[in-house]
Amino acid sequence: MLSSVTVHAPAKINMALRVGGARPDGYHPLTTVFCALDLADEIVVAPAEGLSLTITGNDLAVDDNNLALRAARALQDRTGMDYGATITIDKKIPVAGGMGGGSADAAGTLVALNELWELGLSHADLHGLAAGLGSDVPFGLVGGLALGTSRGENLLPISPRAFQSWVLVTDSDGLSTPDVFRHYDLLHPEPHEPADVDDLVEALGSDSVAEVAGLLVNDLAEPAFTIRPDLRELFERLEGAGIATVLSGSGPTIGILCESDTAADALAGALRQEGLSTLRTDGPAAGAHVVRSS
Ligand code: C5P
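So for the sequence shown, this note's numbering puts the first residue at 70; every next one is plus one.
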């Protein structure tokens with residue numbers, strides 16, 4: 070057996086997120102365009118007795134419900150294997166930031182343990198397990214650029230044409246996804262289908278990133294701003310700073326798409342000078358993948 074496997078698991082930003090009325094199971098039908106970013110958590114797994122998880126880079130408390138541990142147990146249940154492992158996650162993706170950090174860790178753990186334990190599960194097998202773990206976990210496996218429907222777990226790849234340079238404005242005060250969806254329901258109590266994102270998908274087929282200006286949209290922005298009025302003020306201040314500004318997922322991270330690498334570097338520096346917490350990242354990036362094994 071291998072002695073360790075290292076995986077990079079990317080963050081995502083929703084370039085468009087359209088939401089429908091809640092289904093009987095409580096989930097909301099979505100049409101969304103996911104973009105994986107080169108901002109990634111690093112996951113290292115090694116053989117051990119039993120399962121354990123250590124998180125570095127963030128003082129996030131670890132409990133048994135952690136998605137990475139649930140991913141490991143899902144693999145054990147699926148294969149009937151009871152191998153153990155230590156799982157160490159170096160967090161780079163903001164926690165509760167609307168960037169799919171927990172989902173990335175679950176996807177990365179599936180990939181890492183499939184390799185370490187030599188389970189030989191196919192991509193389709195992993196996708197099935199991923200969908201059972203959370204709506205965004207399948208995209209964490211696939212990465213790139215994709216149209217997501219249903220809960221977000223049905224994915225159709227979009228061929229990336231233009232390189233994307235992003236500045237992320239992060240906020241250490243995270244938002245709860247179920248809470249933001251609950252506020253969405255209060256604002257939109259009538260049954261409805263999510264709007265389509267066809268214009269954005271078409272624009273992404275062009276070679277110029279500027280084509281997507283004006284097409285980034287997030288139906289969860291209004292409910293997130295209802296919970297956090299200060300976030301609305303910040304968002305309005307940042308509009309116009311790049312090509313387009315969008316709240317990612319259920320927030321509070323705000324993504325600013327820029328026309329070039331250099332424009333993004335300059336903007337990130339300027340916003341940092343103003344005292345904002347920023348990250349520079351590019352997309353689209355690969356889904357969870359092995360970077361080292363020994
Ligand atoms: O699927 P996941 O466990 O990541 O979803 C977390 C929560 O987000 C769900 O419990 C639900 O409240 C909300 N959600 C939703 N509709 C979706 C995805 C998530 O209502 N399509």
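Cβ coordinates follow ideal geometry from the N, Cα and C atoms, glycine included.
Values in this document were obtained by computation on a predicted structure and should not be read as measured data.
Asked, Found
"E187, enclosing alpha helix (DSSP H) - first and last residue", "It is not in any alpha helix (DSSP H) - E187 carries neither H nor E in the DSSP assignment."
"L99: CB within 7 Å of a non-hydrogen atom of ligand 1", "yes"
"G149 burial status per 10 Å Cβ neighbour count (16 or more: buried)", "exposed"
"Candidates G338, R92, C327 and S346: closest to G352 by CA position", "C327"
"Under the three-state DSSP convention, the category F232 falls into", "coil"
"Nearest to A357 (by Cα), restricted to the options S72, A109, D330 and N83", "A109"
"Any non-hydrogen atom of ligand 1 closer than 7 Å to T246 Cβ", "yes"
"6 Å Cβ shell around A181 - same chain, five flanking residues per side excluded", "V74, V76, I112 and V114"
"Unbroken alpha helix (DSSP H) run spanning A339, endpoints", "D330 to Q342"
"Identity of the residue in T101, P292 and L336 nearest L214 by Cα", "T101"
"Where the alpha helix (DSSP H) containing P292 begins and where it ends", "A290 to I296"
"H97 (DSSP reduced to helix, strand or coil)", "coil"
"Beta-bridge pairing of N83 - partner residues as DSSP gives them", "F103"
"Any non-hydrogen atom of ligand 1 closer than 7 Å to A90 Cβ", "Here the sequence assigns Gly to residue 90, which means Ala is not the residue at that position. Result no, Cβ not under 7 Å from ligand 1."
"Cβ pair count under 8 Å reaching 3, the stretch 297–312 against the stretch 225–245", "yes"
"Under 8 Å between C-beta atoms of A199 and A154", "no"
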